[in-house]
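Working notes, beginning with the structure itself.
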Amino acid sequence: MLGRGIIKGLWETGRNFCGSYYDPARLTTVQYPEAKLAPWENARTVPFLVYDGKDAIAGLRCTACTICEQECPAHCIEIVKDTAKRADYLGKMQLQPKVFDIDAMVCMSCGICAEVCPFDSIKMDQVFDLAGGSRSMMLTLKELAKSNEYFRLIHPTEAAVVDAARAEEQRKAQAKKAAASPALPNAPATSPVSAAPARAATPAVA
Amino acid sequence: MNALDQIFVAAGRWMTGLAPAPLQPLVAMALAIAGLMAVFGTCFAVTTIFERKILGRMQNRLGPNRVGPFGLLQPMADGVKMLTKEDIVPFSADRVVHFLAPLALTVPVWLAFAVLPFGRNMSAIDLNAGILFFFAIGSASELAVFMAGWSSQNKYALLGAMRAIAQMISYEVPLVLATIPVLMAAGSLSLTDIVLAQSGTVMGVVPRWNVLTPWGLAGFALFMIAAAAESNRCPFDLPEGESELIAGFLTEYSGFKYALFFLGEYLGLFAVTALAVTLFLGGWQAPLPALEWFPSWGWFAVKFSALIFLFIWVRATLPRLRLDQLLSFAWKFLVPLALVNLFVAVGWWQSSAWHFPAALELRWLLGAGLLAVPYVWLGQALKSGKPVQHHYSYAE
Amino acid sequence: MNPLLTHYLVVSALLFSIGFAGAVARRSAIIVLIGIELMLNAANLNFIAFWRYGAHSEALTGVLFVLFSIAIAAAEAAVGLALVIAIYRQRKTTQVDGLDRLKG
Amino acid sequence: MLNEIAFYLIAAVTLGFAVAAMALRQLIHCALCAAAAFAGLAMLYLQLDADFVGFAQLLVYVGAIAILIVFAVLLTRNDEILPGSRRSSPSWLMGIAAALLVLSGIALPILNSPSLRHAPTATAAAPVKLIGVELMTHYVLPLEMVGILLTAALLGAVVIAMREEPETKTQSRPPAARRVETSEVVSQP
Numbered sequence: 061m062l063g064r065g066i067i068k069g070l071w072e073t074g075r076n077f078c079g080s081y082y083d084p085a086r087l088t089t090v091q092y093p094e095a096k097l098a099p100w101e102n103a104r105t106v107p108f109l110v111y112d113g114k115d116a117i118a119g120l121r122c123t124a125c126t127i128c129e130q131e132c133p134a135h136c137i138e139i140v141k142d143t144a145k146r147a148d149y150l151g152k153m154q155l156q157p158k159v160f161d162i163d164a165m166v167c168m169s170c171g172i173c174a175e176v177c178p179f180d181s182i183k184m185d186q187v188f189d190l191a192g193g194s195r196s197m198m199l200t201l202k203e204l205a206k207s208n209e210y211f212r213l214i215h216p217t218e219a220a221v222v223d224a225a226r227a228e229e230q231r232k233a234q235a236k237k238a239a240a241s242p243a244l245p246n247a248p249a250t251s252p253v254s255a256a257p258a259r260a261a262t263p264a265v266a
Numbered sequence: 005m006n007a008l009d010q011i012f013v014a015a016g017r018w019m020t021g022l023a024p025a026p027l028q029p030l031v032a033m034a035l036a037i038a039g040l041m042a043v044f045g046t047c048f049a050v051t052t053i054f055e056r057k058i059l060g061r062m063q064n065r066l067g068p069n070r071v072g073p074f075g076l077l078q079p080m081a082d083g084v085k086m087l088t089k090e091d092i093v094p095f096s097a098d099r100v101v102h103f104l105a106p107l108a109l110t111v112p113v114w115l116a117f118a119v120l121p122f123g124r125n126m127s128a129i130d131l132n133a134g135i136l137f138f139f140a141i142g143s144a145s146e147l148a149v150f151m152a153g154w155s156s157q158n159k160y161a162l163l164g165a166m167r168a169i170a171q172m173i174s175y176e177v178p179l180v181l182a183t184i185p186v187l188m189a190a191g192s193l194s195l196t197d198i199v200l201a202q203s204g205t206v207m208g209v210v211p212r213w214n215v216l217t218p219w220g221l222a223g224f225a226l227f228m229i230a231a232a233a234e235s236n237r238c239p240f241d242l243p244e245g246e247s248e249l250i251a252g253f254l255t256e257y258s259g260f261k262y263a264l265f266f267l268g269e270y271l272g273l274f275a276v277t278a279l280a281v282t283l284f285l286g287g288w289q290a291p292l293p294a295l296e297w298f299p300s301w302g303w304f305a306v307k308f309s310a311l312i313f314l315f316i317w318v319r320a321t322l323p324r325l326r327l328d329q330l331l332s333f334a335w336k337f338l339v340p341l342a343l344v345n346l347f348v349a350v351g352w353w354q355s356s357a358w359h360f361p362a363a364l365e366l367r368w369l370l371g372a373g374l375l376a377v378p379y380v381w382l383g384q385a386l387k388s389g390k391p392v393q394h395h396y397s398y399a400e
Numbered sequence: 081m082n083p084l085l086t087h088y089l090v091v092s093a094l095l096f097s098i099g100f101a102g103a104v105a106r107r108s109a110i111i112v113l114i115g116i117e118l119m120l121n122a123a124n125l126n127f128i129a130f131w132r133y134g135a136h137s138e139a140l141t142g143v144l145f146v147l148f149s150i151a152i153a154a155a156e157a158a159v160g161l162a163l164v165i166a167i168y169r170q171r172k173t174t175q176v177d178g179l180d181r182l183k184g
Numbered sequence: 009m010l011n012e013i014a015f016y017l018i019a020a021v022t023l024g025f026a027v028a029a030m031a032l033r034q035l036i037h038c039a040l041c042a043a044a045a046f047a048g049l050a051m052l053y054l055q056l057d058a059d060f061v062g063f064a065q066l067l068v069y070v071g072a073i074a075i076l077i078v079f080a081v082l083l084t085r086n087d088e089i090l091p092g093s094r095r096s097s098p099s100w101l102m103g104i105a106a107a108l109l110v111l112s113g114i115a116l117p118i119l120n121s122p123s124l125r126h127a128p129t130a131t132a133a134a135p136v137k138l139i140g141v142e143l144m145t146h147y148v149l150p151l152e153m154v155g156i157l158l159t160a161a162l163l164g165a166v167v168i169a170m171r172e173e174p175e176t177k178t179q180s181r182p183p184a185a186r187r188v189e190t191s192e193v194v195s196q197p
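Residue numbers (the numbering used here), protein chains in the order written: chain S, 61 to 266; chain L, 5 to 400; chain X, 81 to 184; chain V, 9 to 197.
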């Protein structure tokens with residue numbers, strides 16, 4: 061009969077109306093600035109640079125290889141190599157960036173830089189309230205460098221894989237080193253990642 | 005009780021008395037106008053916020069809650085936004101008509117409030133052709149809609165205006181036909197008389213409201229459906245169907261003029277709702293004599309709010325109709341049913357002389373049956389209708 | 081002081097002449113129809129004015145005549161405009177001086 | 009005094025709109041001005057204490073006839089774009105002269121007859137109830153005739169304005185391509 065659907069619909073909306081008052085679980089709204097939904101683990105916005113240890117500049121994984129700069133389809137990364145070198149977590153001497161800028165206005169969050177990085181240095185961030193007062197959103201090294209703990213926090217699965225791989229490489233390198241010159245004292249910091257995450261990856265050059 | 009009931013009347017009289025004698029009629033008029041504008045202006049603001057909150061709740065959302073406590077100051081924020089926006093007039097628009105259209109819509113709607121009795125002795129003017137005045141004034145809004153749509157020089161605006169006019173003209177017929185039994189029952193076109201004709205109770209418990217008779221109930225339903233269509237409410241809001249027509253005849257309006265249209269639409273809804281209360285729900289009358297301690301304008305407000313809530317509820321529930329569905333619903337369903345209702349109403353009065361036991365029940369049964377059969381039948385016909393053959397005569 | 085009967089009659093005469101001038105001088109059939117409506121309205125105004133100022137206002141003759149006249153005007157407008165539209169479809173014009181052939 | 013001011017105001021506005029309705033170039037403007045003139049006349053009726061007629065005038069002229077005119081203008085709108093088309097007929101001067109002649113023929117006798125210069129009689133009123141009674145007693149035959157006339161006009165207007173059958177055939181989509189649409193008004197049963 062005509063109108064049965066209307067009655068059913070009215071019943072449904074009426075139930076929602078009353079229900080939303082006594083059952084807060086019905087309300088789907090998250091009131092944004094006060095409450096935030098945790099982002100999905102694979103969510104990505106702009107890139108950032110991972111560093112190990114306490115000091116952002118000293119612990120930077122980046123070796124200024126400029127692969128990301130070349131691969132970036134939007135050309136939003138600019139790297140200037142430093143002349144000085146420093147040892148990385150394996151004890152190898154590597155270059156380091158003097159300038160590392162990402163124009164977040166130009167970045168399109170494709171994640172290619174993170175894909176191609178051979179040093180697991182550049183990763184995708186999850187900050188999303190990036191609105192600012194100016195048209196320029198040039199992120200410099202200071203803003204880009206974020207600790208490994210932060211990386212673990214936002215991408216736990218990926219971070220665990222990366223950390224395990226790095227610990228394994230470090231172990232191998234040390235074994236090699238030990239085999240080559242057993243007289244020398246061990247380099248510090250070889251504890252596995254999972255055991256003590258906060259103090260795990262102390263820089264090799266410390 | 006009486007003092008509270010007549011407080012507005014007394015206040016008006018007192019304030020009129022303060023003016024010098026020759027100016028008193030003018031002052032009384034101005035007071036009535038100011039009172040109506042203040043009350044329904046506020047009502048407009050309050051309705052917009054509560055509508056959004058209720059719609060939100062019905063969709064399991066919170067609704068606006070940012071401005072002020074519980075978001076209650078939202079209308080003020082909206083108003084400030086509306087009034088400070090740039091007033092854009094399209095380059096090729098007909099400037100004069102474009103400017104006049106919102107006024108032509110809003111002014112008649114305000115006028116329509118003049119004849120409505122909002123409480124005991126509380127109507128601005130008591131015309132003896134009050135309801136005719138109401139419908140005559142209401143018909144002016146069609147022209148305003150056309151002016152808006154045509155002067156914008158925008159095809160969406162024009163299409164929206166054409167749809168709006170087709171809809172308003174079609175639904176005016178069932179609206180008026182649903183009203184006629186009430187006028188016959190009261191024997192008057194004056195809204196005050198119509199309210200008074202619904203006073204008293206049947207057997208001491210059931211108020212003698214029109215809605216509590218078979219023809220009144222059917223008439224009320226027809227009236228509310230037609231009223232929703234007249235005031236472009238969901239599910240009949242396709243003149244401004246944003247998914248197909250951007251915003252219909254409102255497309256080229258912004259800022260203050262848009263606000264005026266918005267105001268006009270809500271005021272039209274209020275006016276027709278107030279008319280529904282007056283015609284079918286006993287106006288300002290309390291349901292039972294025992295409840296008359298509550299002031300009459302309070303009863304009116306209660307009924308009025310309930311009907312506005314009903315409109316919002318329906319809006320939250322039903323999807324928009326297609327244009328051909330809309331028109332066939334008016335002409336093939338509402339109009340025949342309203343005509344049947346007229347006959348049922350006449351039969352109801354003719355049978356009022358019956359005095360055998362269970363006469364009232366029999367009358368009810370007969371009336372309801374006489375309405376239910378065409379309802380079911382027309383409903384079936386409407387659903388199983390032939391597929392509509394679209395041909396667009398003037399779109400070559 | 082109320083306006084005199086003369087005032088209303090003069091207004092009515094002016095309205096009639098305006099409608100007449102439009103109906104005679106304009107080429108568009110729709111304007112001609114509007115002009116005829118104005119002339120009808122002028123006559124209605126006369127009826128009401130004479131009813132109001134006449135000696136037997138309780139008879140309501142003027143009022144009822146105007147009501148019938150309004151109803152007939154509505155019918156006239158509906159049929160007239162339908163004719164205009166039909167003619168437009170045939171001849172692609174609504175200019176009255178273009179409609180000088182009987183053959184369709 | 010107030011009455012007189014109101015009368016002059018309404019009369020001036022009504023006549024102004026009437027002139028505009030006859031003289032403007034855009035047909036839509038003419039139609040809208042005509043609607044305004046009709047509304048002004050309704051006000052004159054109200055001033056003459058004929059409430060019912062005034063409201064009926066508003067309802068029929070502004071609500072129906074003006075809309076009808078506007079629709080007719082829109083349905084024939086290619087017409088006015090013709091280049092070089094004149095809005096007045098070739099003999100418009102003669103027309104105006106004839107109108108002036110008519111005006112003088114009506115207005116001069118009115119102005120010259122002293123018997124018309126009188127104020128209204130005591131309050132006259134046309135209560136709705138009385139109009140209804142009159143319509144149902146003395147004027148029942150005209151009322152029925154008007155009903156028949158309106159029905160006939162309705163049917164006639166539909167028939168005249170209806171498009172001829174062959175044309176619709178050629179313009180509608182072929183039946184095979186037509187989707188089967190149910191004209192269901194409300195939601196599922």
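C-beta atoms are modelled at their ideal positions from N, C-alpha and C, and glycine is treated no differently.
Would you say residue i lies against chain L (beta-carbon separation less than 8 Å)?
i	result
A105/V	no
F60/V	yes
G192/S	no
I66/S	yes
M51/V	no
Classify residue i as helix, strand or coil using the three-state DSSP reduction.
i	result
L109/S	strand
Q65/V	helix
I117/S	coil
S80/S	helix
F95/L	coil
F188/S	coil
K89/L	coil
S355/L	helix
Does residue i come within less than 8 Å of chain V when only Cβ atoms are used?
i	result
W154/L	yes
S143/L	yes
I128/X	yes
F266/L	no
F240/L	no
Closer than 7 Å by beta-carbon distance: list the chain L residues that pair up with residue i, in chain order.
i	result
A74/V	L147
I36/V	W154
Taking 8 Å as the CB-CB cut-off, is residue i touching chain X?
i	result
T176/V	Confidence at T176/V is low in this model, with a pLDDT of 45, below 50, so its placement is unreliable and the value that follows should be read with caution. Answer no: the Cβ-Cβ gap between T176/V and chain X never drops below 8 Å.
E152/V	no
T84/V	yes
L40/V	no
I156/V	no
Using the beta-carbon of each residue, which ones in chain L are nearer than 8 Å to residue i?
i	result
G74/S	M62, W317
How would you list, in chain order, the residues of chain S whose beta-carbon sits under 9 Å from the beta-carbon of residue i?
i	result
G383/L	M61, L62, G63
Counting only C-beta atoms, is residue i closer than 8 Å to chain S at any point?
i	result
T321/L	yes
E400/L	Because E400/L sits at a pLDDT of 45, beneath the cut-off of 50, its placement in the model cannot be relied upon, and the point is left open.
Residues of chain V with a CB under 8 Å from the CB of residue i: which are they?
i	result
V43/L	Residues of chain V passing the Cβ test: none, with the nearest at roughly 25 Å.
*Segments assigned alpha helix (DSSP H), at least 4 residues, entirely inside the stretch 160-245 of chain L*: 195-201, 218-234
*Decide yes or no for the touch test of the stretch 357-369 of chain L against the stretch 194-201 of chain L: beta carbon pairs closer than 8 Å, at least 3 of them.*
no
_Any contact between the stretch 88-98 of chain L and the stretch 149-158 of chain L? By contact I mean 3 or more CB pairs, one from each, below 8 Å._
yes
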